[in-house]
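Residue numbers (numbering that gives the first Met the number 0), protein chains in the order written: chain A, 0 to 385; chain B, 0 to 385. The beta carbon of each residue, even a glycine, is placed where N, CA and C say it ideally should be. All figures in this text were calculated on a predicted structure; none of them were measured in a lab.
Protein chains: 2
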Amino acid sequence: MSNRFNSIQSEFQISYRYEVFFTKHLFAVNNLVLCDFFNLKEQEGTKKKVLVVVDDGILLHQKNIREAIQTYFETNVTSVQLVKNILTIPGGENAKNQNEFWELVSSAISEYGIDRHSYVMAIGGGAFLDMVGFATAVSHRGIRLIRIPTTVLSQNDSGVGVKNSINYLGKKNFLGTFAPPVAVFNDSSFLVSLDERDWRSGIAEAVKVSLIKEETFFRWIESNVQSLVNRDIGVMEQLVFDCARLHIEHIRSGDPFEFGSSRPLDFGHWFAHKLEYLSNFSIRHGEAVAVGIALDSIYSFLCGDLEEKEYLRILRLLLGLGFTLNFPILLEKGKENLEIALEEFREHLGGKLTLLMLDGIGKPKEVYTMDHSILMSAFDIMVNFR
Amino acid sequence: MSNRFNSIQSEFQISYRYEVFFTKHLFAVNNLVLCDFFNLKEQEGTKKKVLVVVDDGILLHQKNIREAIQTYFETNVTSVQLVKNILTIPGGENAKNQNEFWELVSSAISEYGIDRHSYVMAIGGGAFLDMVGFATAVSHRGIRLIRIPTTVLSQNDSGVGVKNSINYLGKKNFLGTFAPPVAVFNDSSFLVSLDERDWRSGIAEAVKVSLIKEETFFRWIESNVQSLVNRDIGVMEQLVFDCARLHIEHIRSGDPFEFGSSRPLDFGHWFAHKLEYLSNFSIRHGEAVAVGIALDSIYSFLCGDLEEKEYLRILRLLLGLGFTLNFPILLEKGKENLEIALEEFREHLGGKLTLLMLDGIGKPKEVYTMDHSILMSAFDIMVNFR
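This is how it looks when you write it as structure tokens:
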């Protein structure tokens, strides 16, 4: 066979762009943020449809949300056509455990003729958005997704990112894709009705991102602990904004679809995933991340990278925010699961084990192994910290 | 709320690169194309695994292919670790109809610890590759996929492209993603054992791409009709190479993930999809595409865009290659389904109806409507053409 038959290279780039809006009372008829978004898209050709899917947990606090959405579209939005039947589907981790839930979304996409240029608008917590995002990404090879996250954690972290997933074969996030949304609307009025654990839980991701990205943000959180504990919504809005900003900056300047081995946003996460699982998900993601942050900060101190006063500031901040570092399940099963957690983390991400530790507050450092005895000592210091 | 809370833009690009290799006897121990590919990737860190999945139709003609693969890896490939259990799964359209098949692939990915930096190597026809590609794209948010297409159609068209899919809710390709492979190996020795219909069927995509991209390629096919009918493998290798080359050039210079409305590679396809369905898939994709090409070429002539001698050359080429333009199901149900087919095509792609017609051989033209009575006349001319 002649040389000309040897091979052909295919090489191209795909551009993504989405906007994260920060607002209050998104569906109040005098709030035009959502309406303006759709009107800007109007010129593209045929009239598009919008299928709305709501986390049924939202109905506990806003039982008229479906009517509010209908009124909003009737009053303000002429550029797209709202599908009359607004779906409600259970949220929380269970939404990701059973195929029936994402299949409900895909079936509705089929039934209502939602095409690749139409929209699915998902309103709910992080797990719910993960599940709807998966259905949306794989139907017609990708329907346009609008996320409206309703918890601190989803507004400042997963909801502004580029991933979706469901659990499969008993493995968390085993099925999923990288599929950026077309827009995210962070409405702080959803945060007011969160219970105390959900309010606090999302703050852990802000502490995390401050530690690896921006020392000034860490100091700002330190100086606002009391306001956060007292549920000052203005302070929370600022925290959500800055955390989302750092998260987005990281995604767009890094490796958004994670083709490499490095996962710099996963500081404090290798053990957090295991702890959630060990507690049968009774410990929330943010609560587990707080433990992971504490453990890796102490480890960084014991390795001589982080100063003593720095790791103490971090642990005191976490306790000041109300996080727990000595859950009974930690004392019972934590130590024996440290090495297992490291290997599972490596396997899920693929490639070489790559972790972030701290060289200082706001100064991350990549490492590729952890010393077992130092890790054990760090664990002991953590669970006994007062 | 102050202005600084308004919004944050996220904007980034993702780069993709893959190579399509053309070879013979890929698993002969003295063929180092595959081995060299893996060795080039060796330096990335941990040792990667390769899970091989074979279309069981291949075993009819190459019943020792699993042993050949094992010997090849044992002899040549030290840089990756072959999973000993080589899966065989049914191919053909049915592979895409039942969830159990893609779930077999995802379960194996889980069971054998195939991580995001490891490989799934899929060997089979177009439908089989679509199905394995779907499982691979959604497991761990994307395992590296190596495609080894075994039919003319998959070697020159779908197998070198960026899509995957399964059928769902009775809708063809309803679930799927855009996910480029990391490499494609086109081995012409698989083509020798194809039955006559599969040999011919794939030629339709070459005719199609020549009509919309390259007049010289059209003339080359015209001058090689007899060699193609006589199953000259050298001529077929050249046809596959040039068709793949034009297909890849189109993808990388256009809109690879089809965010817009234009689908320039779908010339002749709007009616082909419907015809496959009407025949309950007894008419193969390429056979249906030949009908679609004929119909749209006559339509282009009747609209005054294509010269009479040009449309006659196209129809004579199709008949010369052995394609049928008057299937019984066409005579029975074709006409009444023309408008339905147009609407379904628009709906699946989303957005505004956008079709290609011809301004000349090698000269495409975008249109946004079709004239019903001209379409009916084109249909009559086609089914009566001798």
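By the three-class DSSP mapping on this structure, what secondary structure does residue i have?
i, result
"Thr176 (chain B)", "strand"
"Val183 (chain A)", "strand"
"Met0 (chain B)", "A caution first: Met0 (chain B) carries a pLDDT of 36, below 50, which makes its placement in the model unreliable, though a value can still be read off. Three-state DSSP puts Met0 (chain B) in coil, outside helix and strand."
"Val366 (chain B)", "strand"
"Leu374 (chain A)", "helix"
"Ser138 (chain B)", "strand"
"Ser401 (chain A)", "The structure shown has nothing for residue 401 (chain A), since chain A only spans 0 to 385."
"Pro327 (chain B)", "helix"
"Phe256 (chain A)", "coil"
"Asn336 (chain B)", "helix"
"Gln395 (chain A)", "Nothing can be reported for residue 395 (chain A), as the shown portion of chain A is limited to 0 through 385."
"Leu320 (chain B)", "coil"
"Gly392 (chain B)", "As shown, chain B starts at 0 and ends at 385. That puts residue 392 (chain B) outside it, with no answer to give."
"Tyr298 (chain B)", "helix"
"Glu306 (chain A)", "coil"
"Ile292 (chain B)", "helix"
Who pairs with residue i in a beta bridge, going by DSSP?
i, result
"Arg283 (chain A)", "According to DSSP, which records beta bridges pairwise, Arg283 (chain A) is partnered with nothing at all."
"Glu204 (chain A)", "Glu204 (chain A) is not bridged to any residue."
"Pro148 (chain B)", "B:Gly123"
"Leu86 (chain A)", "A:Val52"
"Asn383 (chain B)", "None, per the DSSP bridge assignment."
"Leu355 (chain A)", "A:Glu365"
"Arg143 (chain A)", "A:Tyr118"
"Asn163 (chain A)", "A:Thr176"
"Gln8 (chain B)", "A:Glu18"
"Lys170 (chain A)", "A:Tyr167"
Does residue i come within less than 8 Å of chain A when only Cβ atoms are used?
i, result
"Ala340 (chain B)", "no"
"Asn166 (chain B)", "no"
"Gln8 (chain B)", "yes"
"His268 (chain B)", "no"
"Pro263 (chain B)", "no"
"Asn5 (chain B)", "yes"
"Ser376 (chain B)", "no"
"Gly350 (chain B)", "yes"
"Lys243 (chain B)", "A small fix is needed here, since residue 243 (chain B) is Ala in this sequence, not Lys. Interface residue, yes."
Can you find the residues in the same chain that come closer than 7 Å, C-beta to C-beta, to residue i, ignoring five residues on each side of it along the sequence?
i, result
"Lys153 (chain B)", "Sequence check: residue 153 (chain B) is Ser here, not Lys. For Ser153 (chain B), where only same-chain residues beyond five positions count, the Cβ hits under 7 Å are Gly124, Gly125, Leu128."
"Phe344 (chain B)", "Trp269, His272"
"Lys332 (chain A)", "Leu277"
"Glu275 (chain B)", "Ile282, His284, Ala287"
Nearest chain B C-beta to residue i closer than 8 Å, yes or no?
i, result
"Glu18 (chain A)", "yes"
"Asn2 (chain A)", "Summary for Asn2 (chain A): the model assigns pLDDT 43, below 50, so the residue's position carries little reliability; its value from the coordinates is reported in the next sentence. Not an interface residue."
"Ile250 (chain A)", "yes"
"Thr176 (chain A)", "yes"
"Arg140 (chain A)", "yes"
"Ile13 (chain A)", "yes"
"Phe256 (chain A)", "yes"
"Glu204 (chain A)", "no"
"His272 (chain A)", "no"
"Phe173 (chain A)", "yes"
"Lys162 (chain A)", "yes"
"Val53 (chain A)", "no"
"Lys170 (chain A)", "yes"
"Val137 (chain A)", "yes"
Ignore the nearest five residues each way along the sequence and tell me which others in residue i's own chain have a CB closer than 8 Å to its CB.
i, result
"Tyr298 (chain B)", "Met356, Met369, Ile373, Leu374, Ala377"
"Val32 (chain A)", "Phe20, Thr22, Leu25, Phe184"
"Ile85 (chain B)", "Val51, Val52, Val53, Arg65, Ile68, Gln69"
"Val206 (chain B)", "Phe217, Ile220, Ala289, Ile292, Ile313, Leu316, Leu317, Leu320"
"Phe280 (chain B)", "Glu92"
Within its chain, find whatever has a CB closer than 6 Å to the CB of residue i; leave out the 5 residues flanking it on each side and keep chain order.
i, result
"Ile147 (chain B)", "Ile122, Phe184"
"His139 (chain B)", "Arg115"
"Cys34 (chain B)", "Asn75, Val76"
"Thr135 (chain B)", "Val119, Ile142, Leu144"
Is residue i near the ligand MG, with its Cβ less than 7 Å from a heavy atom?
i, result
"Ser209 (chain B)", "As far as ligands go, the structure on display features none, and thus does not contain the ligand MG."
Those runs of the alpha helix (DSSP H) which lie wholly inside the stretch 10-81 of chain B and span at least 4 residues: Counting whole runs of 4 or more residues, the stretch 10-81 of chain B contains the alpha helix (DSSP H) stretches 32-40, 57-60, 64-75.
Interface positions of the stretch 113-130 of chain B facing chain E (Cβ-Cβ less than 8 Å), listed along the chain: No chain E appears in this structure, whose protein chains are A and B.
Scan the stretch 208-268 of chain A and note each continuous alpha helix (DSSP H) run of 4 residues or more that stays entirely inside, going in chain order. 214-222, 224-228, 232-252
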